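Quick note on numbering: the sequence shown equals residues 1 to 208 in UniProt numbering.
Cβ coordinates follow ideal geometry from the N, Cα and C atoms, glycine included.
For clarity, every value in this text was computed on a predicted model and none was experimentally measured.
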Amino acid sequence: MPTAPAKKEMMIVATDYFTKWIEAEALSSTKEDDVERFIWRNIICRFGCPQSLVTDNGSQFIGKQITAFFKKYGIKQHLSTPRYPQGNGQAEASNKIILDCLKKRLEGAEGKWVDELPGVLWAYRTTMRRSTSETPFSLAYGTEAIIPPHIIVPSIGIEVGSIKQNSEQMRLNLDLLEGKREKAIVRESRKREKEGRRLKDPEANILP
């Protein structure tokens, strides 16, 4: 990444495999301390301890300090292989999405990418993902976020909703969340099965 204020020229990214929620932060270095701090603040303190994490084989992910950190919080680490680091496909896809969105926003002012990063993450989290047919925000929190267009042109729920109605709607959303997540899992599984068949039989997509 281009150098930004405070010599921030690197970015660490984490993606939840299921919800597709992305956490990312601009860094001036990616040492074990930086990785540990990112996981603690952006993942554990917000969502709890993950069961497992997939990382590459960089020294910041396999050193004694970070290994002890994973052990302390019961996090099982999976490493992408040295011969095929792209095996962490979710990370590759997330990185590409963030970089593409940043390029569109910057238009020559590359040093401002740190300021644009939160907006890029917000846009991604509130946009429906094709693999799940849901937004990462709704799968994480059980309801859709109120985005700026909803303020400019208020929906019926925003205009007439009372505190009591909002509370009841939130309880209903949480009750329905498990079903929504189960449907998203099915869609994701079907998508991966289709991709698997396509890889096994490349000619399946060639029209006669």
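DSSP places I22 in no alpha helix (DSSP H) but in the uninterrupted beta strand (DSSP E) bounded by 22 to 27. Boundaries of the alpha helix (DSSP H) harbouring T67: 64 to 72, taken from the DSSP string. Across the structure, I146 and L121 are spaced so that their CA atoms are roughly 15 Å apart. L102 and Y124 have their C-alpha atoms roughly 12 Å apart. Contact annotation: Q77 and F70 have beta-carbon atoms nearer than 7 Å. About 12 Å separates the beta carbons of W21 and A184, which is beyond the 8 Å limit, so they are not a contact pair. Taking each of G179, A14, E182, K31 in turn and checking the Cα distance to I43, the smallest one comes out for A14. Taking 8 Å as the upper bound for CB-CB distance, S94 and I75 are not in contact here, some 19 Å apart. About 6 Å separates the beta carbon of I12 from that of E25, a gap short enough to meet the 8 Å contact definition.
Linking K112 to E36 through their CA atoms gives a straight-line distance of about 25 Å.
Counting along the chain, Q77 sits inside no alpha helix (DSSP H); it lies in the beta strand (DSSP E) bounded by residues 76 to 79. Looking at the backbone, the Cα of I39 and that of G142 are separated by about 23 Å. Within its own chain, the residues whose Cβ lies closer than 7 Å to the Cβ of Y17, once the five positions on either side in sequence are excluded, are Q90, listed in chain order.
With distances taken between CA atoms, V186 lies nearest to T132 out of T132, F47, G58. Within the same chain, and ignoring the five residues on either side of E116 in sequence, the residues whose Cβ sits closer than 8 Å to its Cβ are L102, R105, L106.
Judged by DSSP secondary structure, A14 falls within the beta strand (DSSP E) whose first and last residues are 10 to 15.
About 5 Å separates the Cβ atoms of Y73 and C49, confirming a contact at the 8 Å cut-off.
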